[in-house]
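Student: Under full-length UniProt numbering, the residues of the sequence shown are numbered 1 to 307, in order.
For each residue, glycine too, the CB sits at the ideal point set by N, CA and C.
Keep in mind it's a predicted model, so treat the numbers as computed, not measured.
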Amino acid sequence: MAQRTHLDDADCAIAQALDVVGDWWTLLIVRDAARGVHRFDAFQRELGVSRKVLAERLKLLVEAGVLTREPYQERPVRHEYRLTPRGRGLLPVLVALQDWGDTWVLGEGEMTATTQESSREAERVHALRGTRLPELVLPDRFGQVRDPVADTPFTVLYCFPGAYARAESYPPGWAGIPGARGCTFESCTYRDQLAEFTAAGATVHGVSTQRPDEQREFAEAEGLRFPLLSDAELSLTAALRLPTFRAAGVSRLKRLTLVVDRERVVREVFYPVRDIEAGVAAALSAVRDAGEGEGAGDGAGGGVSSG
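1) In whole angstroms, give me the CA-to-CA distance for residue 109 and residue 103.
2) Please report how far the alpha carbon of residue 230 lies from the alpha carbon of residue 240, in whole angstroms.
3) Please report the distance separating the alpha-carbon of residue 41 from that of residue 264.
4) Take every Cβ of the region 56–76, pair it with every Cβ of the region 111–129, and state whether three or more of those distances are shorter than 8 Å.
5) Give me, in chain order, the residues of the same chain whose beta-carbon lies closer than 6 Å to that of residue 142; leave out the 5 immediate sequence neighbours on both sides.
6) Please state whether DSSP places residue 79 in a helix, a strand or coil.
7) Just mark residue 25 as buried or exposed, buried being the case when its beta carbon has 16 or more other beta carbons within 10 Å.
8) Ordered along the chain, which non-local residues of its own chain (more than five positions away) have a Cβ less than 8 Å from that of residue 296?
9) Less than 8 Å between the beta carbons of residue 93 and residue 197, yes or no?
10) Touch check for the region 248–258 and the region 168–186: three-plus C-beta pairs under 8 Å?
11) Find out if the Cβ-Cβ distance for the pair residue 11, residue 154 is shorter than 8 Å.
12) Put residue 253 into one of helix, strand or coil per three-state DSSP.
13) Can you tell me the Cβ-Cβ gap for residue 191 and residue 225, rounded? I've got them flagged as a contact below 8 Å.
14) Looking only at its chain, what residues have a beta carbon closer than 7 Å to the beta carbon of residue 218, apart from the 5 residues adjacent to it on each side?
15) Alpha carbon to alpha carbon, how far is residue 220 from residue 148? Give it in angstroms, no decimals.
16) Out of 182, 82, 180 and 122, which one is the CA nearest neighbour of residue 134?
17) How many Å lie between residue 63 and residue 243 at the Cα?
18) Where does residue 230 fall in DSSP's three states?
19) Name the residue from 272, 90 and 167 whose alpha carbon lies nearest to the alpha carbon of residue 22.
20) Kindly indicate which residue of 87, 271, 55 and 167 has the alpha-carbon position closest to the one of residue 157.
21) Does residue 227 pass the burial test, meaning 16 or more other C-beta atoms within 10 Å, or should it be called exposed?
22) Residue 308: buried (16+ other C-beta within 10 angstroms of its C-beta) or exposed?
23) Roughly how many whole angstroms lie between the Cα atoms of residue 168 and residue 188?
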């Protein structure tokens, strides 16, 4: 692989970082590793890259400490490639690149916490139907790590930009960002209908990129009786390529809802969510339809359009 840096750039962290991940294949490998792709053949299938190029890039990333190589089979010996802490440190870079692409390449260059139903961003999110959420854990509002997928027939993951116990905690200009407002109302609507979701066999989890202490303060102020999970490290965001926007220097999730079954398969997606009450009602209907379908021997679930 060609060397990218010059002697004059020896003290430039940007140049030194690009020497490791400046090739587009290397960042795409990191992207797919975050999505739960770990084996050589799976990388090749996802990327469509030659075996020679893939082997070179994997070797580079292992030597750079971005990936670790772990055996999963003895005869013949085969290895999996998994992100190290150094590799997971690249997740914000991937999310920032995606955000830039959604805003300036696929979008119109405007900051927004939502999208148009016909956008390519929405197509990407809706393509999550039928995919499997990789194994990962997120801290709850008490700092205890837990699987975002509960051990119930279904889990409703509603992702929101941010909610705070005090009005002065919101970033400047928050109310003027399209789609940002309504997080408190959304959480309280799930709170008020929690018994119905439970009766339908679903656990509700709220997810934002806020810190656990911020989530805890908000949850206590609003009397929430379900977990809020912090994706401040962007593990879930990068794994599912969820859409984000930047506000006050922080990557924030756009408002969307996923219905995931016990096997971690995404059964339904709602994005964009513009009418919050209708979005919560649609999520509840999707859970009920999926439960009835399974009871009838049909695991396909209900097809519900975005709210």
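Tutor: Checking against the coordinates, here is how it stands:
1) Taking the straight line from one Cα to the other gives about 5 Å.
2) Going by the C-alpha atoms only, they are around 15 Å apart.
3) Taking the straight line from one Cα to the other gives about 22 Å.
4) Contact between the region 56–76 and the region 111–129 is absent, because fewer than three Cβ pairs lie under 8 Å.
5) Around residue 142, the same chain offers no residue with a beta carbon nearer than 6 Å, after the five sequence neighbours per side are excluded.
6) DSSP places residue 79 in strand when its eight states are reduced to three.
7) Under this definition residue 25 is a buried residue.
8) In this prediction, residue 296 scores a pLDDT of 45, lower than 50, which makes its location untrustworthy; no coordinate-derived value is stated.
9) In this structure, the beta-carbon distance from residue 93 to residue 197 does not fall below 8 Å.
10) With contact defined as three or more Cβ pairs closer than 8 Å, the region 248–258 and the region 168–186 are in contact.
11) No, Cβ-Cβ distance for residue 11 and residue 154 is not below 8 Å.
12) Three-state result, residue 253: strand.
13) Beta-carbon to beta-carbon, residue 191 and residue 225 are separated by about 6 Å, close enough to satisfy the 8 Å threshold.
14) In its chain, beyond the 5 residues on either side, 163, 164 and 165 have a beta carbon closer than 7 Å to the beta carbon of residue 218.
15) The straight-line gap separating the alpha-carbon atoms of residue 148 and residue 220 is approximately 20 Å.
16) Considering only alpha carbons, the answer is 82.
17) Distance between the alpha carbons of residue 63 and residue 243 is about 31 Å.
18) Of the three classes helix, strand and coil, the one that applies to residue 230 here is strand, per DSSP.
19) Among 272, 90 and 167, the Cα nearest to that of residue 22 belongs to 90.
20) Of the candidates 87, 271, 55 and 167, 271 places its Cα closest to the Cα of residue 157.
21) Buried, by the Cβ-count rule.
22) Past the edges of the chain, shown from 1 to 307, lies residue 308, and the structure says nothing about it.
23) If I take the Cα positions, the gap works out to 20 Å.
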